[in-house]
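*Asks:*
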Amino acid sequence: MSEPFLSQLRDQAKPSAAVKNRVRSRVMRRIAPAESLFADVRKNVAPTTSVRNRVRARTMRQIHAGHALGVLEQIRDIVTPSPALRSKLHGQIFMRLEPIRVASRSYRPLKWTASFALFALAIRVSPFLFLAPPTIADSAVTLLPTRGEVSVSVGGLWQPVSNEMTLEPGTMLRTHDGELSILFHDDGVIRLGPNTTISLNDTAKRFGPDSATLNPTLTLFTGELWVQGLMPAYVSGIRVETSYGTVVVNEGSVSVAEDDTVTVRVFDRRAKVLHGSQEISLVAGQRTELWEGNIPLVKKIAETQYDADWPSQNLARDAVHRREIAQLQQERRASVAGILPTSKLYPVKRVAEAMDVLLTFDEDARMQKRIAHANTRLNEAAALLSEDQVTDAAAPLAEYTQVLLAMAGDFETGTLQYFLLQQSLAEATSDMAAALPDDEFYLLKKAVLEASVAIDGVVSAEDVQGMLIMDTLAALIYAVSEGDVANVQKTWIELQPHLAMLEQEEITLQEDMHKEILALLGRFAEAVQSRESQVASIDPELTDQLKAYLPVDHAETVSVMSDEELTILVQGIRDRIFTYHMTRSRLNQFAAEVRAMEGHPEQGRILRRLYVVLPDGPELFPDRIRKEITRVRWQREGDMI
4 MSEPFLSQLR DQAKPSAAVK NRVRSRVMRR IAPAESLFAD VRKNVAPTTS
54 VRNRVRARTM RQIHAGHALG VLEQIRDIVT PSPALRSKLH GQIFMRLEPI
104 RVASRSYRPL KWTASFALFA LAIRVSPFLF LAPPTIADSA VTLLPTRGEV
154 SVSVGGLWQP VSNEMTLEPG TMLRTHDGEL SILFHDDGVI RLGPNTTISL
204 NDTAKRFGPD SATLNPTLTL FTGELWVQGL MPAYVSGIRV ETSYGTVVVN
254 EGSVSVAEDD TVTVRVFDRR AKVLHGSQEI SLVAGQRTEL WEGNIPLVKK
304 IAETQYDADW PSQNLARDAV HRREIAQLQQ ERRASVAGIL PTSKLYPVKR
354 VAEAMDVLLT FDEDARMQKR IAHANTRLNE AAALLSEDQV TDAAAPLAEY
404 TQVLLAMAGD FETGTLQYFL LQQSLAEATS DMAAALPDDE FYLLKKAVLE
454 ASVAIDGVVS AEDVQGMLIM DTLAALIYAV SEGDVANVQK TWIELQPHLA
504 MLEQEEITLQ EDMHKEILAL LGRFAEAVQS RESQVASIDP ELTDQLKAYL
554 PVDHAETVSV MSDEELTILV QGIRDRIFTY HMTRSRLNQF AAEVRAMEGH
604 PEQGRILRRL YVVLPDGPEL FPDRIRKEIT RVRWQREGDM I
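Each residue of the sequence shown is one higher than the last, beginning at 4 in our numbering.
1) Give me, in chain order, the residues of the same chain whose beta-carbon lies closer than 6 Å to that of residue 198; leave out the 5 immediate sequence neighbours on both sides.
2) Could you give the distance in angstroms between the alpha-carbon of residue 345 and the alpha-carbon of residue 165?
3) Please report how far the alpha carbon of residue 582 lies from the alpha carbon of residue 589, in whole angstroms.
4) Buried or exposed for residue 584, please, with buried defined as at least 16 other CB atoms from any protein chain shown within 10 angstroms of its CB.
5) Entirely within the segment 399 to 432 and at least 4 residues each: give me those alpha helix (DSSP H) ranges in chain order.
6) I need the DSSP call for residue 282, collapsed to helix, strand or coil.
7) How far does the beta strand (DSSP E) with residue 226 in it reach, from first residue to last?
8) CA-CA distance, residue 485 and residue 606?
9) Mind pulling the alpha helix (DSSP H) runs of 4 or more residues that sit fully within the segment 576 to 624?
10) So residue 242 packs on residue 254, CB below 8 Å; how close in whole Å?
11) If residue 432 sits next to residue 451, beta carbons under 8 Å apart, how far is it from one beta carbon to the other, in whole angstroms?
12) Could you have a look at residue 631 and say whether DSSP puts it in helix, strand or coil?
13) Less than 8 Å between the C-beta atoms of residue 479 and residue 444, yes or no?
14) For a test of the three-state rule: what should DSSP assign to residue 133, helix, strand or coil?
15) Give a yes or no on whether the C-beta atoms belonging to residue 458 and residue 423 are separated by under 8 Å.
16) Please classify residue 664: is it buried, with 16 or more other beta-carbons within 10 angstroms of its beta-carbon, or exposed?
17) Between the C-alpha atoms of residue 630 and residue 609, what's the straight-line distance to the nearest angstrom?
18) Checking 8 Å against the spacing of the C-beta atoms, do residue 489 and residue 332 come in under that value?
19) Taking only three categories from DSSP, how would you classify residue 449?
20) Report, in whole angstroms, the separation of the C-beta atoms of residue 145 and residue 186, which I expect to be a contact under 8 Å.
21) Out of 377, 522, 430, state which residue places its alpha-carbon closest to the alpha-carbon of residue 472.
22) Residue range of the alpha helix (DSSP H) that residue 289 falls in?
23) What are the start and end residues of the beta strand (DSSP E) that includes residue 251?
24) Tell me, to the nearest whole angstrom, how far the beta carbon of residue 224 is from that of residue 201; I am working on the premise that it is less than 8 Å.
25) Between the beta-carbon of residue 294 and the beta-carbon of residue 249, is there less than 8 Å?
26) Per the contact definition of three or more C-beta pairs closer than 8 Å, is the segment 380 to 400 in contact with the segment 333 to 341?
27) Check residue 472 in the structure and name its three-state DSSP category.
28) Quick one: using the 10 Å Cβ neighbour count with 16 as the cut-off for buried, is residue 391 buried or exposed?
29) Quick test of the definition: if touching needs 3 or more C-beta pairs under 8 Å, does the segment 145 to 154 touch the segment 168 to 186?
30) Buried or exposed: residue 495, going by 16 or more other Cβ atoms within 10 Å of its Cβ?
31) Can you give the Cα-Cα distance for residue 318 and residue 169, rounded to whole angstroms?
32) Going by DSSP in three states, residue 97 sits in which element: helix, strand or coil?
33) To the nearest angstrom, how far is the alpha carbon of residue 601 from that of residue 418?
34) Given residue 448, which residues of its chain have a CB within under 6 Å of its CB, disregarding the five upstream and five downstream residues?
35) Using DSSP bridges, identify the partner residues of residue 187.
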């Protein structure tokens, strides 16, 4: 409704054309007189030519300043230098602008020096591009809880342990109803039975010879533990300290139990027992018992004890652990071998090694570099053996032996360089002690042992021969126990010449090593006898050949007591008896002493000496000793029957 209204209003308010014209005409009439007025004004105010000339002349007279020009000219004269000054300045300026001739210097020697330094630096750095790191990662001392409750003392507080942990010196461990294992680097394993408490004293690896001044590896307070050693005999072994002596284990499986007395049983290889001033060597199948002031006896372990849970389980674990350690040691060496001899870049690696030694000017550092490069040959052989390239591995092993022999000839015995060489061989042997002839890794161990023979002060040729025989027998025992009798005949035939060499008079084998070889032969004979049907199907004569090595049935006892020791022992018994003043107390102590000497091979000598030493009195010692001698005689005659 509003839009039509607006449209109508617009039409009505719009002016017409006539109205527009009238408005326009009126506006134009009004502005026309103003334009004519401005035109008249402009015409009247415009100056004439004469007026313009007068204004111009007057202006020019006003702006003309002659006195200003005079002032500027005076200033110019003042600031203008005199001819003499201009000549002097000209000379000084142009003299400074003239180029000065500088004597030319030759930088050629400096350039050659810098070039040679850069070249030498490049050569010195280049070995790091082709050489593998010389070090091999080592394992730590690790605690592995096996089962049940296990506690560790941290800061004097006992805390339960359920996970794997790294142990440090001074740590105390305790098993309640549980068991635990301690992986001692690659040198062995220690297993704790239930209700056992120990203190870990030293966790360092040892490559030097054994010594009584060395700290014990651990201390056994109570309970029973099992030690498996994987170290060669000529380095310091795992030392277990007890209340009545120290047990040293290098290669072997040993059970040590402490209660009122200390019982040591050797189930594999051998161990050494230090009791006071005495040193007792035990081989597989032997045991001994220690207490304060006693004369230790070496007795045979009953066959039934091998079937008990603790020995049988641990012997099985030892076999698995030994193979795992041998495999791990080979893998570690193979991982740092670097470029192998089968590679086209191997000559570059050897050149880099030669330059590395050549540019090492310190004598000791150069010796260490040569030893490190020799160990690289072992690493290369380990890597080739892992790839089943046995033929290619022979060359690095032969070169390793040649390099060590050459270094041994360059230095005298007793020097620092010679000591470094001996230590290197000890470390290498320790890193391969777990290998047996049925392992590919054994070729490296054999090469190191053969090289050690030529180095004075390391190991003798007879000892190496004995080690190889013991390793071979240990491998045969394991093969027969696992039922793998196929290769037993071949290995036994290859071993015969080495066994025959031991019977030669010029071969001086250590007594402990000879005992261990005989013990291993006895165990091998027993293992073959237990599988006689399987072995007979392959080699019927083998069982007959091994019958000579079967151990005798009666228990072997060995006395280490001299006449002087007998006197001291008897006097100690007398003193302990007469410590008491009452008759009953003396008789109780006498009965305890009689029980303590039970089974001693020289029990009769001791009783006869006591018959003379102990006086007659209300205790009736002579009568009691006479009855005891009669009882012992009848008991031994019955055992013989």
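For every residue, glycine included, the Cβ atom is placed at its ideal position computed from N, Cα and C.
*Replies:* Well, looking at it:
1) 226
2) 47 Å
3) 8 Å
4) exposed
5) none
6) strand
7) That run of the beta strand (DSSP E) goes 221 to 233.
8) 42 Å
9) 586 to 599, 606 to 616
10) Rounded, the Cβ-Cβ distance is 14 Å, inconsistent with contact.
11) 5 Å
12) helix
13) Cβ atoms of residue 479 and residue 444: not closer than 8 Å.
14) Residue placement at residue 133 cannot be trusted, given a pLDDT of 49 that sits under 50; the coordinates are not used to answer.
15) no
16) There is simply no residue 664 to check, as the chain begins at 4 and stops at 644 in what is shown.
17) 14 Å
18) no
19) In the displayed model, residue 449 falls within a helix according to three-state DSSP.
20) 4 Å
21) 522
22) Taken as a continuous stretch (DSSP letters only), residue 289 belongs to no alpha helix (DSSP H), being part of the beta strand (DSSP E) at 289 to 293.
23) 248 to 252
24) 7 Å
25) No.
26) The segment 333 to 341 vs the segment 380 to 400: in contact.
27) helix
28) exposed
29) yes
30) buried
31) Rounded to whole angstroms, residue 318 and residue 169 show a C-alpha spacing of 25 Å.
32) helix
33) Going from the Cα of residue 601 to the Cα of residue 418 covers about 53 Å.
34) Within the same chain, residue 448 has close Cβ partners 435, 438.
35) The partner list for residue 187 (beta bridge, DSSP) reads 144, 191.
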